[in-house]
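Just so you know, we're using my numbering here: the sequence shown kicks off at 6 and counts up by one.
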Amino acid sequence: MRIPSMNVRRMPSRHATLQSCALLSCALLSCALPCSLSAAAAAPATMRLASLEWLPYTGAGLDQGGMATAVAAAVAKQFEYKVKVDYFPWSRAMQVGGEDPGYAGYFPAYYTEERARQCYFSAPMGHSTVGLAFLKSQPLQWHAARDLIGMHIGVVAGYSNGGEFDALVKQGKLRVDASPGDAFNLKKLLAGRVRAVVIDKSVLRYLLLSDPALRRDRGQIVFHDTVLAELSLHICFQRTPAGLKMQQDFDAALQHTDIVKIENAYFLNMENKAGAK
């Protein structure tokens, strides 16, 4: 008796199975790899900078890291970089930002000939306007630092306030009252203990919005049109080939950045938040 033939299905060998798995893995990898490379290419590189707590220009607790940081970030974004800021005392920030290879540089720095020999300065990314704040009820008339002789002026200990002013203080011709900070000076002004105080215009604006003790009296304090010093602010990029390239890219993008618009928007946001409190 003849047994009818049957179609027997042969199971694949272990070797064939491994080959199939390997081919599948390669196929999946070849699909995934371009995607991952594309994502990596799209991710912005990081410009790591050292800075200090100088409100409202820079500060860890400030919106966008401060007004100067907002400007730096807007510029860096144009050449596909993001900004990361670490905060130190100023002398330490200059050392770390200027020497540590993990950093691109430090900011916001005033331009000096000595620093220009040590780093690549960016073009100005803002300005620090130093002048006098006084009470609206007691108008102040002056055109040069020598016009302040005989007045009691509040200053922050250790700060430079312009060449002429500093020289008159050193000569003993200007009567100054030193405080540890700008907020202290403004409270002295409101209390009538000084005739005027030397302060950065943006710092004054920030303190009158953010300090509860000063905010309620902000309408009483005025910043004089005459200034003691107008100092440009820069990023000090490390004096290396990479630092030079970063400076060149930053300066090229800076030409297409409306710094004043960013600064005004920053303070408008602050004013809106202060008004909501």
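Glycine residues also receive a C-beta, built at the ideal position from the N, C-alpha and C atoms.
Asked, Found
"Would you check if the region 57 to 72 and the region 85 to 100 touch, i.e. whether three or more CB-CB distances between them fall below 8 Å?", "yes"
"Are the beta-carbon atoms belonging to methionine 156 and alanine 188 less than 8 Å from one another?", "no"
"Taking the alpha-carbon of alanine 109 as reference, which of Ile240, Ser165, Val232 has the nearest alpha-carbon?", "Ile240"
"Can you grab the Cα-Cα spacing for the pair lysine 266 / alanine 55, in whole Å?", "25 Å"
"Please report the distance separating the alpha-carbon of phenylalanine 170 from that of aspartate 230.", "16 Å"
"How would you call glutamate 276, buried or exposed, if buried means at least 16 neighbouring beta carbons within 10 angstroms?", "exposed"
"From alanine 150 to alanine 81, what does the alpha carbon distance come to, in whole angstroms?", "39 Å"
"Does the Cβ of arginine 97 have 16 or more other Cβ atoms within 10 Å, making it buried, or fewer, making it exposed?", "exposed"
"From serine 5 to alanine 172, what distance separates their C-alpha atoms?", "The structure shown does not extend to residue 5, since the chain spans only 6 to 282, so no value can be given for it."
"Hey, quick one: how far does the beta strand (DSSP E) through glycine 159 stretch, first residue to last?", "157 to 161"
"Around the C-beta of alanine 77, are 16 or more other C-beta atoms found within 10 angstroms, so that it is buried, or is it exposed?", "buried"
"In angstroms with no decimal places, state the Cα-to-Cα distance between cysteine 124 and threonine 245.", "8 Å"
"Shortest alpha-carbon distance to aspartate 182 belongs to which of Val161, Gly168, Tyr111?", "Val161"
"With a Cβ-Cβ cutoff of 8 Å, do alanine 138 and leucine 209 count as a contact?", "yes"
"Does alanine 183 come out as helix, strand or coil in the three-state DSSP assignment?", "strand"
"Pull up the CB-CB distance for leucine 191 and isoleucine 226, whole angstroms please, since I reckon it's below 8 Å.", "7 Å"
"Starting from the C-beta of leucine 214, find all residues in its chain whose C-beta is less than 7 Å away, skip the five residues before and the five after it, and write them out in chain order.", "Arg220, Met275, Glu276, Ala279"
"Taking Cβ positions, are leucine 233 and valine 199 nearer each other than 8 Å?", "no"
"Does DSSP put methionine 130 in a helix, a strand or coil?", "coil"
"If we call anything under 8 Å between Cβ atoms a contact, is aspartate 216 one with serine 133?", "no"
"Quick one: Cα of glutamate 119 to Cα of serine 237, how far?", "15 Å"
"Tell me which residues share the same chain as aspartate 292 and place their Cβ nearer than 6 Å to its Cβ, disregarding the 5 neighbours each side in the sequence.", "Past the edges of the chain, shown from 6 to 282, lies residue 292, and the structure says nothing about it."
"Could you tell me the alpha carbon to alpha carbon distance between glycine 3 and lysine 250, rounded to whole angstroms?", "Residue 3 is absent from the model: the chain starts at 6 and stops at 282."
"Does arginine 14 pass the burial test, meaning 16 or more other C-beta atoms within 10 Å, or should it be called exposed?", "With a pLDDT of 39 at arginine 14, under the threshold of 50, the modelled position of that residue is not reliable, and the figure given next carries that caveat. That one is exposed."
"At which residues does the alpha helix (DSSP H) containing phenylalanine 228 begin and terminate?", "Looking at the DSSP string, phenylalanine 228 is not in any alpha helix (DSSP H); the run it does join, the beta strand (DSSP E), is 226 to 243."
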